[in-house]
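Protein chains in written order, with the working numbering: chain A, 7 to 563; chain B, 38 to 205.
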């Protein structure tokens with residue numbers, strides 16, 4: 007993975023010193039709350055409902071075992087012994103003390119980590135495919151490009167006070183696993199017909215109050231011009247994005263107001279001035295970045311391993327886990343493993359310090375010492391020999407890391423919600439728990455097949471509810487918590503936004519409603535092969551609506 | 038008492054008067070006039086002693102004064118709120134695209150913790166918000182000794198310098 011050079015190291019340690027001084031001046035009354043707010047936000051520090059919240063950047067989701075152990079230690083020392091992995095591949099600590107944050111940042115800097123620009127109206131952490139570099143369907147490794155963008159966007163002087171937050175996602179595979187159509191900028195790294203590498207550029211996607219699927223504004227930007235093209239987009243947005251209303255300040259609104267072609271034309275006009283200029287990235291820099299992401303020392307293995315196949319045959323629980331939680335690897339004899347952070351009874355995406363230590367150990371013994379975080383809030387060991395899968399599974403199980411539910415209804419994506427977040431209108435974790443309890447039978451989950459169920463505690467949509475096959479949104483009605491349900495959303499290549507099925511549900515109705523929805527699916531699916539989302543697309547919302555709102559319990563409520 | 042501002046990382050007495058919108062142009066003295074007033078002065082070629090610079094609001098297009106940058110002694114950019122980042126692009130365009138080489142000044146809600154970025158987009162003069170300690174603020178220019186991007190201070194991003202250093 008990418009290792010810091012002198013420039014990276016200097017910048018991150020100077021940042022710690024800068025923030026320590028800003029914190030000191032704030033506590034001394036020299037920096038007002040209004041003046042301090044953007045400074046602390048650009049260091050990932052929120053002031054939350056119960057306590058401050060610190061969001062630590064995990065650039066494009068890549069972690070070394072050493073870094074993960076440091077996160078475990080920080081969570082243990084400065085917090086309550088756990089952290090929450092987010093849909094943007096970051097880690098949030100929910101209970102640090104305000105004045106200890108500079109010390110936390112200093113400990114992070116020692117292992118080449120930081121919390122820079124994980125919040126605020128600036129360019130946020132760049133995210134990518136959790137299977138980057140190993141996926142069987144990958145076109146080009148997106149990580150060198152993600153790292154290039156990380157560096158360019160870090161402390162960019164022109165774009166630190168944008169109209170609103172700005173998120174970039176990079177993907178380079180047949181299946182889009184980085185949600186590129188719902189980011190401010192989505193990039194698909196690809197080769198053109200001549201074999202040159204460049205990027206397809208998607209702009210103006212996003213969830214939140216006004217969910218929009220992004221539009222392609224350029225089919226191919228040569229990689230040397232990628233930074234110039236991004237500068238052009240950001241400059242147009244910085245100058246012309248709305249600043250009068252924060253709900254209309256995201257780039258998607260500007261794209262809508264100018265029209266996609268109008269926006270693209272403005273970007274091209276700006277780019278015409280920048281193209282060929284000093285920000286052109288030389289091939290040598292790509293070579294340097296690529297050298298950080300070389301393949302580990304894979305062994306030459308047969309794709310099939312006899313002992314693995316035997317264990318799979320003899321042990322049904324293991325076979326189930328292999329089926330759900332491993333992913334095709336481009337190297338023969340290897341698999342990528344998803345360690346589920348969605349065990350029943352645990353808030354989705356939460357991991358204890360003990361679990362982080364276990365994962366770090368497993369990574370060192372089975373996966374070249376590297377871990378990734380997925381935007382679905384799980385941890386990935388990307389390079390495991392198939393021959394080691396059984397041993398790995400046996401160790402992960404007692405640590406609560408082997409729930410075989412990836413892709414199933416139990417793999418709920420969920421924000422921290424009203425239990426922690428001061429933005430939330432409603433709690434989300436208890437809703438996830440109530441639904442998970444209804445579907446705790448793993449055989450039943452497996453029979454139901456792939457279902458993405460996403461929960462957001464407010465319209466900011468951190469739980470990506472718009473793109474869940476089933477989406478749940480917490481809303482505030484007259485001071486109490488209600489939940490709106492959408493159906494038919496999806497992420498990936500065929501990104502679609504879910505549609506609201508009807509009136510919102512009370513907290514104690516929601517699990518019944520989801521059960522009724524699943525009941526309609528089971529009764530209506532063509533055969534065992536038809537996935538939930540396909541049934542929804544085929545029969546529409548009406549049958550679900552009829553059944554859900556006809557349930558006597560709900561009528562009585 | 039004249040105001041103390043930062044010019045080229047040193048403290049100086051401000052020799053310019055920044056005129057508010059709709060203020061009458063005095064007959065003498067160096068003034069920085071709002072865009073509208075400055076246009077009017079330029080066209081009327083009114084006789085007065087003292088120089089005239091111009092200031093731009095966040096939504097003023099710097100391209101509009103591009104033909105005049107050679108003869109403008111000072112261009113100021115207003116920051117009504119420090120979180121309004123449009124002025125950063127204005128400065129970058131004036132320096133990198135329109136070739137302005139005179140004094141480029143930030144005024145309004147200009148605070149210590151934004152100075153580093155402001156300097157990197159091309160400002161070399163800073164009239165801090167009233168009541169702020171200007172001398173203390175000088176330390177902000179040393180917050181970072183490196184940067185990832187091309188800027189007014191470093192015409193090439195480090196990825197070009199890194200590769201040059203490597204001999205590629």
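No residue lacks a Cβ here, since even glycine has one placed at the ideal position from N, Cα and C.
Quick caveat: nothing in here was measured; it's all calculated off a predicted structure.
C-alpha distance - residue 189 (chain B) paired with residue 96 (chain B), whole-angstrom precision: 22 Å
Cβ neighbour criterion (16 or more within 10 Å) applied to residue 332 (chain A): buried
Cutoff 8 Å: residue 187 (chain B) Cβ touching any chain A Cβ: yes
Given residue 15 (chain A) as reference, the closest of A:389, A:30, A:115 and A:36 once Cα atoms are compared: A:115
Minimum Cβ-Cβ distance from residue 136 (chain B) to chain A less than 8 Å: no
Residue 253 (chain A) classed as buried or exposed, judged by whether at least 16 other C-beta atoms fall within 10 angstroms: exposed
Residue-level contact to chain A via CB, residue 182 (chain B), 8 Å cutoff: yes
The stretch 382–396 of chain A in contact with the stretch 431–438 of chain A per 3-pair CB rule at 8 Å: no
Residue 53 (chain B) - DSSP class collapsed to helix/strand/coil: coil
Residues near residue 87 (chain A) in its chain [Cβ-Cβ closer than 7 Å; skip 5 each side]: 81, 358 and 359
Residues near residue 321 (chain A) in its chain [Cβ-Cβ closer than 7 Å; skip 5 each side]: none
Of the residues A:112, A:97, A:69 and A:47, the one placed nearest residue 21 (chain A), counting alpha carbons only: A:112
Nearest-angstrom Cα separation, counted from residue 441 (chain A) out to residue 155 (chain B): 50 Å
Anticipated Cβ contact below 8 Å, residue 206 (chain A) with residue 222 (chain A), distance rounded: 6 Å
Short CB-CB distance (under 8 Å) between residue 241 (chain A) and chain B: yes
Distance CB(residue 145 (chain A))-CB(residue 77 (chain A)) smaller than 8 Å: no
Cβ distance (whole Å) where residue 418 (chain A) is taken to contact residue 454 (chain A) below 8 Å: Their Cβ separation, rounded to whole angstroms, is 13 Å, which puts residue 418 (chain A) and residue 454 (chain A) out of contact at 8 Å.
Contact between the stretch 156–176 of chain B and the stretch 137–144 of chain B (3+ Cβ pairs under 8 Å): yes
Under the three-state DSSP convention, the category residue 10 (chain A) falls into: coil
Chain B contact residues for residue 124 (chain A), given Cβ-Cβ distances below 7 Å: Those within 7 Å of residue 124 (chain A) in chain B number zero; the least Cβ separation is about 17 Å.
Beta carbon proximity, residue 148 (chain B) to chain A, threshold 8 Å: yes
Minimum length 3: unbroken beta strand (DSSP E) runs contained in the stretch 87–164 of chain B: 89–93, 111–116, 140–145 and 162–164
Per-residue contacts from residue 121 (chain B) into chain A (C-beta, under 8 Å): 167 and 249
Short Cβ contact (8 Å threshold) for residue 412 (chain A) with residue 344 (chain A): yes
Residue 291 (chain A) at chain B interface by Cβ criterion, 8 Å: yes
Limits of the unbroken beta strand (DSSP E) element including residue 91 (chain A): 88–91
Top-ranked residue by Cα proximity to residue 85 (chain A), from A:497, A:61 and A:329: A:61
Cβ distance (whole Å) where residue 554 (chain A) is taken to contact residue 522 (chain A) below 8 Å: 5 Å
Residue 354 (chain A) versus A:468, A:422, A:57 and A:313, residue with shortest Cα-Cα distance: A:422
Residue range of the unbroken alpha helix (DSSP H) whose run includes residue 228 (chain A): First-last for residue 228 (chain A): 221–228, but that is the beta strand (DSSP E), not the alpha helix (DSSP H).
DSSP state of residue 483 (chain A) mapped onto helix, strand, coil: strand
Beta carbon of residue 32 (chain A) nearer than 8 Å to that of residue 25 (chain A): no
Cutoff 8 Å: residue 126 (chain B) Cβ touching any chain A Cβ: yes
Whole-angstrom distance between residue 176 (chain B) and residue 341 (chain A), CA atom to CA atom: 52 Å
Distance between residue 291 (chain A) and residue 102 (chain A) (C-alpha atoms, nearest Å): 38 Å
Interface residues of the stretch 140–171 of chain B facing chain A [CB-CB below 7 Å]: 148, 150, 154, 157 and 158
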